[in-house]
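Trainee: Using the working numbering, the first residue of the sequence shown is number 34, and each one after it goes up by one. Glycine included, every Cβ here is placed at the ideal spot set by N, Cα and C. I am attaching a structure below and will ask some questions about it afterwards.
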Amino acid sequence: MIKSMTGFGRGSSDSSDISFDVEIKTVNHRYCDLNIRMPKSFMPIEGKIRSLILKQISRGKVDVFITQNDYGNKKGKAILDEDLMESYVDCLNKIKDKYGIKEQPSIDLISKFPDVITLKREDEDLDEIWSVLKVALEDALNMLLNMREKEGAKLKGDIILKCNLIQKYLDKINKISVNLVEEFRNKLRDRIKELRDGYDLDEERIAMEVAIFADKSCIDEEIVRLKSHVGQFQDTLTLDEPVGRKLDFILQEMNREANTIASKSTNLDVTNLVINIKNEIEKIREQIQNIE
34 MIKSMTGFGR
44 GSSDSSDISF
54 DVEIKTVNHR
64 YCDLNIRMPK
74 SFMPIEGKIR
84 SLILKQISRG
94 KVDVFITQND
104 YGNKKGKAIL
114 DEDLMESYVD
124 CLNKIKDKYG
134 IKEQPSIDLI
144 SKFPDVITLK
154 REDEDLDEIW
164 SVLKVALEDA
174 LNMLLNMREK
184 EGAKLKGDII
194 LKCNLIQKYL
204 DKINKISVNL
214 VEEFRNKLRD
224 RIKELRDGYD
234 LDEERIAMEV
244 AIFADKSCID
254 EEIVRLKSHV
264 GQFQDTLTLD
274 EPVGRKLDFI
284 LQEMNREANT
294 IASKSTNLDV
304 TNLVINIKNE
314 IEKIREQIQN
324 IE
């Protein structure tokens with residue numbers, strides 16, 4: 034199933050002591066770039082979080098935001114990250130000096146920066162936390178995947194239309210190419226008659242020139258290969274796996290064959306049809322950049 038790399042999902046879950054809000058945002062990226070923003074106390078279960086996400090997402094830039102909410106019925110201790118606080122203060126002072134800001138950074142402002150002050154639960158049970166958090170993560174992933182699949186279906190439908198259009202252009206080129214050699218023979222014969230009025234034609238020389246033309250301008254193999262690539266491209270769209278990179282490779286081969294046809298052609302109609310094909314290929318190229 035074709036999936037877009039663009040999507041958004043949100044999920045929530047709670048227990049008697051704690052609740053979680055999870056948001057996942059994805060955009061297109063060449064590889065899988067997973068970034069997780071969560072409380073530092075959850076670092077021991079980060080591996081589980083990553084594993085759950087990467088089972089569902091293989092490509093794209095993935096930003097995950099995990100927010101913990103509690104009901105105030107657990108004892109804990111406020112922890113100050115002094116190194117992080119000093120880093121924030123240094124940045125604020127640089128901004129103040131550079132732009133001539135007189136106001137001093139306030140404690141209220143600094144304390145609101147992420148992870149400067151965290152609450153360390155004395156009795157945090159990571160197994161319990163994971164069991165609650167996992168539900169929110171799965172809900173967010175389901176919403177995200179549903180959105181990516183819907184967008185992927187739209188992309189697939191539009192790409193198939195463009196592939197069908199390329200096939201039609203190729204059929205037209207094939208019909209034209211069948212008569213190219215004979216047209217060249219007739220034009221050459223007429224031209225020689227015009228230049229050598231009253232003299233006999235050298236049929237052997239004409240045949241030689243026609244053979245050279247046919248060899249240089251024959252595009253039968255390129256048409257067959259390009260049609261094959263288009264068929265392979267359409268078949269790949271039906272696979273139930275990430276296909277974005279494979280589609281990109283096939284598209285490169287399609288473009289290469291189109292360029293070869295254009296370079297061999299001496300017929301204006303064929304050249305114009307190849308331009309149309311390359312235009313559709315470029316449109317498809319832009320679309321598959323967002324396919325997982």
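(1) Considering only residues of the same chain and omitting the five flanking positions on each side of Glu12, which have a CB-CB separation below 8 Å?
(2) Spatial neighbours of Gly40 within its chain, please: CB distance less than 6 Å, with the 5 preceding and 5 following residues excluded, ordered by chain position.
(3) Report the residue from Leu284, Arg258, Lys167, Ser164 whose alpha carbon sits nearest the alpha carbon of Arg270.
(4) Using the three-state DSSP reduction, which class does Gln200 fall into: helix, strand or coil?
(5) Within this structure, are the beta carbons of Gly44 and Leu194 separated by less than 8 Å?
(6) Can you tell me which of the three DSSP states Cys124 falls into?
(7) Does the beta-carbon distance from Lys260 to Asn288 come in below 8 Å?
(8) Apart from the five residues on each side of it in sequence, which residues of its chain come closer than 6 Å, Cβ to Cβ, to Asp54?
(9) Output the distance between the C-alpha atoms of Asn126 and Asp114, rounded to the nearest integer angstrom.
(10) Quick one, are the C-beta atoms of Ile294 and Glu325 less than 8 Å apart?
(11) Reducing DSSP to helix, strand and coil, say where Thr151 ends up.
(12) Taking DSSP as the reference, what is the three-state secondary structure of Ser91?
(13) What's the C-alpha gap between Tyr64 and Ile252?
(14) Can you grab the Cα-Cα spacing for the pair Asn61 / Asp96, in whole Å?
Mentor: Straight from the coordinates:
(1) Residue 12 falls outside the range modelled here, since the chain spans only 34 to 325, and no answer is possible.
(2) Thr59, Leu177, Met180, Arg181
(3) The residue asked about is misnamed: residue 270 is Leu in this sequence, not Arg. Closest by alpha carbon: Leu284.
(4) helix
(5) no
(6) helix
(7) no
(8) Ser45, Thr100
(9) 18 Å
(10) no
(11) strand
(12) coil
(13) 37 Å
(14) 12 Å
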